[in-house]
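The structure appears below as structure tokens.
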Amino acid sequence: MSAWQIDPRLSYSVTWFCSWSPCFGCALHLAQFLSEHPNLRLRIFAARLYFCEDKNSEPEGLRRLKAAGAHIAVMTFKGKRSAKQGETEKKDAQK
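Note that full-length UniProt numbering has the sequence shown beginning at 1, numbered continuously upward.
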């Protein structure tokens, strides 16, 4: 993103879908980029939260990214059912 030619007179909105949330280092780079480009809005949808050996660093990186203006959310699977739910539905159908 640092190579982008961003016109300060325009507004930009980026929606990013990713398998894992940004690690601490990437979150810091993104936060810095957002602070340098206040006309850019970033929304991140991650399937899973990334945690490395230092479990305290990733939440802090995500907090800094959020403080820089990024919107971060964890995706859900709407059609997902628990095994117990499926068993209950089978029993109800057999009655």
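Even for Gly, the Cβ is constructed at its ideal location relative to N, Cα and C.
Treat the numbers as computed from the prediction; the structure is a model and nothing was measured.
Could you spell out where the alpha helix (DSSP H) holding residue i opens and where it closes?
i     : result
Leu30 : 24–36
Could you tell me which of the options sits nearest to residue i, measuring between CA atoms?
i     : options                    : result
Leu10 : Asn39, Leu49, Ile44, Thr76 : Asn39
Gln32 : Leu65, Val74, Trp16, Gln5  : Leu65
Pro8  : Ser19, Ser35, Cys18        : Ser35
Indicate whether at least one CB of chain B lies closer than 9 Å to the CB of residue i.
i     : result
Arg64 : The structure shown has no chain B; it contains just one protein chain.
Tell me residue i's beta-bridge partners as DSSP assigns them.
i     : result
Ser13 : Arg41
Arg48 : Trp20
Could you tell me the boundaries of the beta strand (DSSP E) in which residue i lies?
i     : result
Ile72 : 71–74
Counting C-beta neighbours from all protein chains within 10 Å, is the total for residue i 16 or more, i.e. buried, or is it exposed?
i     : result
Gln85 : Per-residue confidence for Gln85 stands at a pLDDT of 49, beneath the threshold of 50, marking its modelled position as unreliable; the derived number appears in the next sentence. Under this definition Gln85 is an exposed residue.
Gly61 : buried
Ala70 : buried
Ala27 : buried
Thr88 : Summary for Thr88: the model assigns pLDDT 47, below 50, so the residue's position carries little reliability; its value from the coordinates is reported in the next sentence. With fewer than 16 Cβ atoms within 10 Å of its Cβ, Thr88 is classed as exposed.
Phe24 : buried
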